[in-house]
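Residue numbers (our numbering), protein chains in the order written: chain A, 68 to 357; chain B, 39 to 344; chain C, 203 to 727.
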Amino acid sequence: MAVASNVRSAAISPGRQVLTRLWRSGSFMVGFSTLVVLVALSLAAPALTPYNPIKINTRERLQPPGLNHPFGTDQMGRDILSRVLHGGRLSLPMGVVPVAIAAVVGMMLGVIAGFYGRWVDLVIMRVADVWIAFPPILMALAVVTILGTGLTNIMIALGIAWIPYYTRMARGTVISAKERVYVEAARALGSQDGRIMLKHIFPNVLTPILVMATMGVANAILAGAALNFLGLGAQAPAPEWGTMLADGRQFIRLGWWIGLFPGVTIAVTVLAANLAGDGLRDALDPKLKV
Amino acid sequence: MAAYLVKRLAFTIPVLFGITVVVFFVVALIPGDAVDAMMTQIKLSADQMAQLRRQLGLDDPLLVQLGRYLGDLFRGDFGRSVFGYHPVAGLILANLPATVQLTVAAMVIAMLLGIPLGALAAVRQNTGWDLLGMFIALVGISVPGFWLGLMLIQLFAVGLGWLPITGTGLRPLILPAFALGVAEAAILARLTRANMVEALREDFVRTARAKGLNQGRVVWRHAFRSTVIPVMTMLGMQFGTLLGGAVVIENVFARQGLGTLVTRAVINRDAPVVQGVVLVAAAMYVLINLLVDVLYGFLDPRIRYE
Amino acid sequence: MKLVRTLIVTLALGLCLFALSQPTSGGTMVFAGNQEPSSIDPLLMSGNVNEREVAAQMFETLVYMDQDQVVHPGLAVSWSSSDDKTEWTFDVRQGVSFHNGDPFSAQSVVAQLEFVRNDESLIGGAWGVLKPLLVSAEAVDEDTVVVTLKEPRPDLLTDLADPGLGITNIAHIERVGQDASFQPIGTGPFKFKEWISGSHITLERNPDWTWGSTVFDHSGPAYLDELVFRFIPEAQTRLATLETGETHFLDLLPFADIQRLYQDSRFTVTEFLLPGMPQMNYLNTRISPTNDLAVRQAINYATDKQAIIDTVYFGLVEPAYGPLSRAFPEYDPSLENMYPYDPDMAIQLLEEAGWVDSNGDGVREKDGEALSVVIVENKSWNDWVYVLQALLQDIGFDAEVLTTQGPSNTAAIASGQYAVPSMGDVFANVTQMTRDWHSDGYGTFPSSHFWDDPTLDELLEDAQTEIDIDVRTEKYVNIQNYIMENALMVPIFELFFYAAHANNLDGFVVDATGFYKYFAAAHFN
Chain A
68 MAVASNVRSA AISPGRQVLT RLWRSGSFMV GFSTLVVLVA LSLAAPALTP
118 YNPIKINTRE RLQPPGLNHP FGTDQMGRDI LSRVLHGGRL SLPMGVVPVA
168 IAAVVGMMLG VIAGFYGRWV DLVIMRVADV WIAFPPILMA LAVVTILGTG
218 LTNIMIALGI AWIPYYTRMA RGTVISAKER VYVEAARALG SQDGRIMLKH
268 IFPNVLTPIL VMATMGVANA ILAGAALNFL GLGAQAPAPE WGTMLADGRQ
318 FIRLGWWIGL FPGVTIAVTV LAANLAGDGL RDALDPKLKV
Chain B
39 MAAYLVKRLA FTIPVLFGIT VVVFFVVALI PGDAVDAMMT QIKLSADQMA
89 QLRRQLGLDD PLLVQLGRYL GDLFRGDFGR SVFGYHPVAG LILANLPATV
139 QLTVAAMVIA MLLGIPLGAL AAVRQNTGWD LLGMFIALVG ISVPGFWLGL
189 MLIQLFAVGL GWLPITGTGL RPLILPAFAL GVAEAAILAR LTRANMVEAL
239 REDFVRTARA KGLNQGRVVW RHAFRSTVIP VMTMLGMQFG TLLGGAVVIE
289 NVFARQGLGT LVTRAVINRD APVVQGVVLV AAAMYVLINL LVDVLYGFLD
339 PRIRYE
Chain C
203 MKLVRTLIVT LALGLCLFAL SQPTSGGTMV FAGNQEPSSI DPLLMSGNVN
253 EREVAAQMFE TLVYMDQDQV VHPGLAVSWS SSDDKTEWTF DVRQGVSFHN
303 GDPFSAQSVV AQLEFVRNDE SLIGGAWGVL KPLLVSAEAV DEDTVVVTLK
353 EPRPDLLTDL ADPGLGITNI AHIERVGQDA SFQPIGTGPF KFKEWISGSH
403 ITLERNPDWT WGSTVFDHSG PAYLDELVFR FIPEAQTRLA TLETGETHFL
453 DLLPFADIQR LYQDSRFTVT EFLLPGMPQM NYLNTRISPT NDLAVRQAIN
503 YATDKQAIID TVYFGLVEPA YGPLSRAFPE YDPSLENMYP YDPDMAIQLL
553 EEAGWVDSNG DGVREKDGEA LSVVIVENKS WNDWVYVLQA LLQDIGFDAE
603 VLTTQGPSNT AAIASGQYAV PSMGDVFANV TQMTRDWHSD GYGTFPSSHF
653 WDDPTLDELL EDAQTEIDID VRTEKYVNIQ NYIMENALMV PIFELFFYAA
703 HANNLDGFVV DATGFYKYFA AAHFN
């Protein structure tokens, strides 16, 4: 029902309505622009920061926030603002890459299962049932044990763990879209499977997947921080928000700012991704519950 | 109903079997076997290593090992830890109750905080209350759990001295359950709000309200009821997330549980323990979701079992 | 009413005064360690600190050694050795019984040593040291054991005082089998009560224990009713439990918080210099570029120990200069002047050896090969590596840190593929230098300098059997110089072990290494 109304409106004015709704959605605009700013700051970090994020400077260690160092310095005398800005280059992909892996693979599997039905559906969905039973963090722990620690491996591990969630979502949407008149019509007219999938099914599937993925980014950043906390993530001294936050916990009493700023940055990023996801859902498909 | 139950249970068995096989092969992929893992703590000669491998059956083909593992599992034997010879089944049994306690407590806290917050926001839709409530919920899902845990320790245990960090019983459960439950509460609040807003829009509720029926009763009887099922589904689905979160929170609070057990096992590459814990966690997920499915029937007679 | 209250207060005051002079019995002490043991049976234990801490309360050793390196009788009341130090005779204590009531005798010691010698399955780290050395153990009579060794072992008593070498009840182990390690049975002041996996281990007072060693300065059963060991991996949480009063004794204090604890009047902080091999980095001589003496020396000159100590360890440790801790009488202070911090000297050495930055990328090269090294870090134990990395980068190294943990650390170090692995070792017996430096250790753990010259092996073998104390010292001084002249390592710092305990806790005794505490006479004031 929701999907159908969507398709209709898209037929009237393709995309424009959605854009207008997005523009009007306060939460989307706030979330989205925050994310854009964060990405821009991370990309421009080398130009913006006067300090090397890795270089140790023993004379300046443990400085509280002040004029020279707005976020203070850590136990090695490194400027935390510089580290936070540079950190985005490692931590933002941490949010995007696993979700991209999970969404792309998961969606393809889900579309195939939903479109072909019968034994293909049965096999894929039973595998998904097995897969989804593993808590993502445990799955990531197991994968990291095999591949070794490191950011890339964490991203792969989380990506693999989240595939079945997207598969289930995509399959559900495909099955309801498949019953639509235009798909049956296209079939009757002898269109090829690939064409039907591409032209009629994918656009329907994309909407919920996009909403799910935006919120997935928030989850991925948090899961990455947790895995870094357990000591499985980034290689020090590279600045990464989760690792910085985890390292900062040693200095809770001595220098609260060491952990606080990376922590706040994580929270703000996650908040922004959630806001953007909320807005996107409301604009694209208000009935969707992700 | 009984037929449905049998059917659902029958579906569960191949899934559990699949989980077991996947766990076995995932663990088999871990580089280095049990004897290599032992080498890190105890020095063995090449002869001793070879002898141990024979004893433990690590020389056999993988499929033979899988067959043996499945056979042992069937008899309730999960193998023994590489370090200290602890029976894995015993380790899991000792640690499982603590994890269940923590996750259940976190769920209770999530419901106690999340549902009223969501309901309040829905009833006072588009007011300051709504905005504030939903903002709190958003912040709740945006803070890393381990950081929240460490902060709670500093504030309530060290600073104010109200609650203990370790120990058994109810009081030491409060802080970790809160740290684990806050994100879940936020998710529930959002879900409750969305469903109640929808229900409040439905005609009969609007009519009842227009007729001047007691506001609280209307909300309770109609709107609230219709949110119970989505909330339950969500709790079932979120169980895996909670279990994952428990891994981190247990480590922060040094709580007994499967999380601390598996973290140590992963770091030590103690394969039999990793295998056992992952298997049990996955099986629990499957069974909980089965339970949720069955409970639907009692809560919503409209659902038919085919 | 008022009178009653006054009376009570007076009475209480009196009791307090009495308590000050006389330790009171009772109470439960909670010890917080960082990692749950995998076993607390001396025959299965590995090298984990917490395992020995627990075992040391349940099992007694033949002898004890205090902080001044004085040997005290334990389960052995007296001992003597042949002139060549290969045959040792021990008279064991009479009237001792195991926790399950089995009597302890010379035969118990023989059974233990024979078990260690013969059992092909696993032998824990501590007893494993003696395994290759044992020829035979015989009970001459009820109270006398004669132990024969393959080669002279002048420091056998130091070995035997290791809290990991407790005497177990072999008869019980043979009766029960593999699972005996879960109901450990010793002769010590505390007996096993329960082990709640993932939570804690509880020991309870052994009321029969009246035969305690003189090292405890206490006769009669332990004061404490119960001793609980809790394992809390997260350092901040561990510290928090001390501050909330949930635990009374805390090991492995985080360096960042030590100053604050010193100032906190509720707690007492203790510090011990740990004997053994200081915290250091091996320099792998098998691979390039550390196969070049000039490179190894340059790394030594470039290492600013004070900067490391100030930045990472808050000035709470001291610089190290060689392979032996200054806690040993064999320590050679002349090494302190061998490699002062001198980056210019380091650069000069590199330039002279042909390592120059010809392409201007900040990294030196020689014959087209970059000056690249990998520093191996064992997570959370070697925090200095990042400063070392920066120091090396400053003089034109391409230095990378490889973080490892548990088995991946052992594997990385044993592989011999990395130039600068981090290490440290705690031992009370100087002869254990062999473990860290002999070529037998190549490809296993820890020996990873891969020095291809039999001279070092010969020196070590010769020194470890030397009986004459002065000659022995000379030989170990020689070894230390050999290692440092060839720059097989970079010494970083002497490890100090910081612990904190509640002020009202008293009477515990620290072993010779400073690592372990005995709680037989511990009590609350």
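Idealized CB from N, CA, C, for every residue including glycine.
C-alpha gap between residue i and residue j, whole angstroms
i: Leu367(C); j: Asp600(C); result: 45 Å
i: Leu213(B); j: Ala195(B); result: 9 Å
i: Gly278(B); j: Val210(A); result: 17 Å
i: Trp324(A); j: Leu89(A); result: 36 Å
i: Leu333(B); j: Gln465(C); result: 58 Å
i: Gly128(B); j: Pro239(C); result: 16 Å
i: Leu193(B); j: Lys122(A); result: 34 Å
i: Met234(B); j: Ala160(B); result: 6 Å
i: Ala167(A); j: Val106(A); result: 17 Å
i: Ala255(A); j: Thr298(B); result: 58 Å
i: Gly152(B); j: Ala223(B); result: 4 Å
i: Val272(C); j: Glu538(C); result: 28 Å
i: Gly171(B); j: Arg228(B); result: 9 Å
Presumed contact (8 Å Cβ cut-off) between residue i and residue j, rounded CB distance
i: Asp544(C); j: Asn683(C); result: Actually they are not in contact, since the Cβ atoms of Asp544(C) and Asn683(C) sit about 20 Å apart, beyond 8 Å.
i: Gly309(A); j: Gly291(A); result: 5 Å
i: Ile204(A); j: Val285(B); result: 5 Å
i: Val514(C); j: Asp585(C); result: 5 Å
i: Met279(A); j: Met236(A); result: 6 Å
i: Gln313(B); j: Val44(B); result: Contact doesn't hold; Cβ gap of about 30 Å is too wide.
i: His450(C); j: Met231(C); result: 5 Å
i: Asp459(C); j: Ala234(C); result: Asp459(C) to Ala234(C), Cβ: 14 Å. No contact.
With 16 other Cβ atoms within 10 Å as the buried cut-off, status of residue i
i: Lys395(C); result: exposed
i: Ile242(C); result: buried
i: Phe292(C); result: buried
i: Lys507(C); result: buried
i: Gly261(A); result: exposed
i: Ser284(C); result: exposed
i: Lys352(C); result: exposed
Contact set between residue i and chain A, taken where Cβ atoms lie within less than 7 Å
i: Asp459(C); result: Arg320
i: Val44(B); result: The premise fails here: Val44(B) is roughly 18 Å from chain A at the closest Cβ pair, so nothing lies under 7 Å.
i: Gln93(B); result: Within 7 Å Cβ-Cβ: nothing; Gln93(B) doesn't reach chain A, min ~24 Å.
Neighbouring residues, chain B, relative to residue i (Cβ below 9 Å)
i: Gln380(C); result: Arg118, Tyr123
i: Ala293(A); result: Pro182, Gly183, Phe184, Gly282, Gly283, Val285, Val286
i: Gln296(C); result: Those do not exist, as Gln296(C) stays about 34 Å from chain B at its closest Cβ, beyond 9 Å.
Interface residues of chain C facing residue i [CB-CB closer than 8 Å]
i: Gly215(A); result: Ser610
i: Val196(B); result: Ala442, Glu445, Thr446
i: Arg238(A); result: In chain order: nothing, as chain C lies at least about 39 Å away.
Partner residues on chain C for residue i, Cβ-Cβ distance less than 9 Å
i: Arg316(A); result: Glu436, Ala437, Gln438
i: Gln294(B); result: Ile398, Ser399, Gly400, Ser401, His402
Proximal chain B residues relative to residue i, where beta-carbon distance stays under 8 Å
i: Leu335(C); result: What Leu335(C) touches in chain B: nothing, since even the nearest Cβ is about 14 Å away.
Residue i: contacting residues in chain A (beta-carbon distance under 8 Å)
i: Tyr588(C); result: Ile123, Met143, Ala303, Pro304
i: Pro52(B); result: Arg193
Min CB distance residue i to chain D below 8 Å
i: Thr301(B); result: Among the protein chains in the structure shown, which are A, B and C, there is no chain D.
Interface residues of chain C facing residue i [CB-CB closer than 7 Å]
i: Pro202(B); result: Thr446, Glu448
In chain order, what are the residue ranges of uninterrupted alpha helix (DSSP H) at least 4 long that sit wholly in the region 162-243 of chain A? 185-199, 203-214
Segments of 4+ residues assigned as alpha helix (DSSP H) that fall wholly inside the region 380-418 of chain C: none
Please specify which runs of the alpha helix (DSSP H), each continuous and at least 4 residues long, are wholly inside the region 309-338 of chain B, giving them in chain order. 309-337
I'd like the ranges of any alpha helix (DSSP H) spanning at least 4 consecutive residues and lying wholly in the region 59-140 of chain B. 72-77, 84-94, 100-112
Enumerated in chain order, which unbroken segments of the alpha helix (DSSP H) with a length of 4 residues or greater are wholly contained in the region 596-643 of chain C? 609-617, 635-639
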